[in-house]
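Engineer:
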Amino acid sequence: MSDSAVLQRYVTGRESRLAVPGEHGDGGACDDLGPFGWLRGIRERAVMLELRRKDGSILAIGYGWIERVAFDPSEGITLSIGGQKVRIKGRNLNAELRPSVSLFEGITRHRVPWIREADRSTALTAGDNDTVIDAIEW
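Quick note, this note's numbering runs 980 ahead of the 1-based positions in the sequence shown.
1) Near G1036, which residues of its chain fall below 7 Å by C-beta distance, leaving aside the five closest residues on each side in sequence?
2) Start and end of the alpha helix (DSSP H) containing L1029?
3) Counting only the same chain and skipping the five closest in sequence on each side, list residues whose C-beta sits under 6 Å from that of R1096.
4) Can you list, in chain order, the residues of its chain with a C-beta nearer than 8 Å to that of V1112? Leave out the 5 residues immediately preceding and following it.
5) Where does E1076 sit, in a helix, a strand or coil, going by DSSP?
6) Could you check what DSSP says for T1111 in three-state terms: helix, strand or coil?
7) Quick one: what's got a C-beta closer than 7 Å to N1109's C-beta in the same chain, skipping five residues either side?
8) Where does V1027 land, buried or exposed, given buried means 16+ other C-beta within 10 angstroms?
9) Run the CB neighbour count on I1087, radius 10 Å, all protein chains shown included, and call it buried at 16 or more, exposed below.
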């Protein structure tokens, strides 16, 4: 085995600064949980949070700009970003979809890369314990 083959095997087998860019892309590293995405890897962190509305408009916010995240069951989740507020309204926004997987916790730990509003049919057919995002206001 040549030196370059050994080096390539070593580099691609581990997370490293020397790894080839794009080789470990997200290729399935994000679970689609319906109302939001969840990064699978223990050390995975999203750089930005995409807010996707039903009408197709999208706003991406850098996690580094989020100053405060507040949850109030009657009002939803409020993100404070540079003096502006983003509201995420819905139901069961702090409920666990799986063990240790909830929208609020995911946002606070940078594990949620995107959030999307539910369309009308999804909102109507969702169970009582399902997380449903009715509106995202910015």
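Where a beta carbon is used, it is the ideal one built from N, C-alpha and C, also for glycine.
Structural biologist: The short version:
1) Counting from 1 along the sequence shown, the entry for residue 1036 is found at position 56. Taken in chain order, the list of residues that qualify is empty.
2) Stepping through the sequence shown from its first residue, residue 1029 is reached at position 49. Premise fails: L1029 lies in the beta strand (DSSP E), 1028-1032, not in any alpha helix (DSSP H).
3) Within the sequence shown, residue 1096 is the residue found at index 116, counting from 1. Same-chain partners within the cutoff: R1032.
4) Within the sequence shown, residue 1112 is the residue found at index 132, counting from 1. For V1112, where only same-chain residues beyond five positions count, the Cβ hits under 8 Å are P1015, G1070, R1071, N1072, A1098, T1102, A1103, A1106.
5) As a working mapping, residue 1076 is identified with position 96 in the sequence shown. Coil, per DSSP.
6) As a first step, residue 1111 is located in the sequence shown; it is residue number 131 there, counting from the start. Three-state result, T1111: coil.
7) What you label residue 1109 is simply residue 129 of the sequence shown in a count that begins at 1. Closer than 7 Å at the Cβ level, and outside the excluded window around N1109, lie N1072, A1075.
8) Reading the sequence shown from its first residue, position 47 is the one you call residue 1027. When all chains shown are included, V1027 counts as exposed.
9) Numbered from 1 along the sequence shown, position 107 holds the residue referred to as residue 1087. With 16 or more other Cβ atoms within 10 Å, it is buried.
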